[in-house]
Amino acid sequence: MLVTTYLHMTAPEQFEPAFIETTATIAHISSPDVTFYRFLYEAVGKDWRWRDRLDWSDERLYAVLAAPTTSLYVLYEGGLPGGYIELDRQNADEDENTEIAYFGLRPTFTGRGLGKHLLSFGVRQAWDDGARRVWLHTCNLDSPHALANYKKRGFSVYDVLREPMPARFL
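Just so you know, we're using the working numbering here: the sequence shown kicks off at 149 and counts up by one.
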């Protein structure tokens with residue numbers, strides 16, 4: 149059974165940031181690099197069975213990354229990329245929604261608070277960019293800490309979808 153949980157914040161006052169003291173930096177990637185993105189996507193998502201973008205062509209992936217609605221931020225520690233957060237600004241009936249499309253850390257960067265730090269950065273960036281609502285979804289294939297992290301940052305559940313496990317995840 150695949151359980152997908154949809155969460156959102158509808159006001160900046162709901163945001164509970166959790167920045168930590170760290171030497172890590174977060175850089176905006178202003179010019180898409182498909183090869184680097186594929187490395188991040190696979191390194192972050194391998195343990196969580198991320199499959200959606202693995203078979204995309206370079207052209208399709210570049211189009212998404214280069215879209216004016218997409219923002220990509222990479223966390224670096226010790227000069228190494230440790231994870232990323234991808235924001236997708238959406239305009240549904242002139243209501244500025246920002247989806248946290250992808251977010252996560254490479255396995256060797258987990259367990260030190262960097263996830264809550266990077267998520268806090270992304271949520272703050274979404275609000276600073278004019279979002280009226282910030283949303284995301286997670287599922288029971290993601291990190292066992294993901295849902296708790298989202299809730300601690302101020303996200304609330306607005307929908308849960310249960311469906312048979314798709315064959316691509318078996």
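Where is the CB? At the ideal position from N, CA and C, for every residue including glycine.
Computed from a prediction, not measured in an experiment: that's the story for all the values here.
- [ ] Spell out the partners DSSP gives S304 in its beta bridges.
- [x] By one-based count along the sequence shown, residue 304 stands at place 156. Answer is H156.
TODO: Taking only the alpha-carbon atoms, compute the straight-line gap between R191 and R254 and give it to the nearest angstrom.
DONE: For the purposes of this step, residue 191 is taken as residue 43 along the sequence shown, with counting starting at 1. For the purposes of this step, residue 254 is taken as residue 106 along the sequence shown, with counting starting at 1. Per the sequence presented here, residue 191 reads as Ala, with Arg not at that position. Distance between the alpha carbons of A191 and R254 is about 6 Å.
Open item on the list: Considering only the alpha carbon of each residue, which of D206, P180, E247 lies closest to A215?
Closed with: Translated into the one-based positions of the sequence shown, residue 215 becomes position 67. It is P180.
TODO: Flag this pair as yes or no: are the beta carbons of L202 and I233 separated by less than 8 Å?
DONE: Locating residue 202 in the sequence shown gives position 54, counting from the first residue. Locating residue 233 in the sequence shown gives position 85, counting from the first residue. Against a cut-off of 8 Å, the Cβ pair of I233 and L202 comes out as no contact.
Open item on the list: In the DSSP output, what is W283 paired with across the bridge?
Closed with: Position 135 of the sequence shown, counted from the start, is the residue given in the question as residue 283. Its beta-bridge partners are H156, E247.
Task: Cβ-Cβ separation, Y221 to Q273 (assumed contact under 8 Å), whole Å - done: Along the sequence shown, one-based indexing puts residue 273 at 125. Along the sequence shown, one-based indexing puts residue 221 at 73. Contact holds; Cβ gap of about 7 Å.
Task: L155 versus L289: straight-line alpha-carbon distance, rounded - done: In the sequence shown, residue 155 corresponds to position 7, counting from 1. In the sequence shown, residue 289 corresponds to position 141, counting from 1. If I take the Cα positions, the gap works out to 16 Å.
Task: Delimiting residues of the beta strand (DSSP E) encompassing S219 - done: Taking the sequence shown and counting its residues from 1, the one referred to as residue 219 is at position 71. That run of the beta strand (DSSP E) goes 218 to 225.
Task: Unbroken beta strand (DSSP E) run spanning T173, endpoints - done: Sequence index remark: in the sequence shown, residue 173 carries index 25 (1-based). Here the beta strand (DSSP E) through T173 covers 173 to 176.
Task: As assigned by DSSP and simplified to three states, the class of G322 - done: Because the chain is modelled from 149 through 318, residue 322 falls outside the range shown and cannot be assessed.
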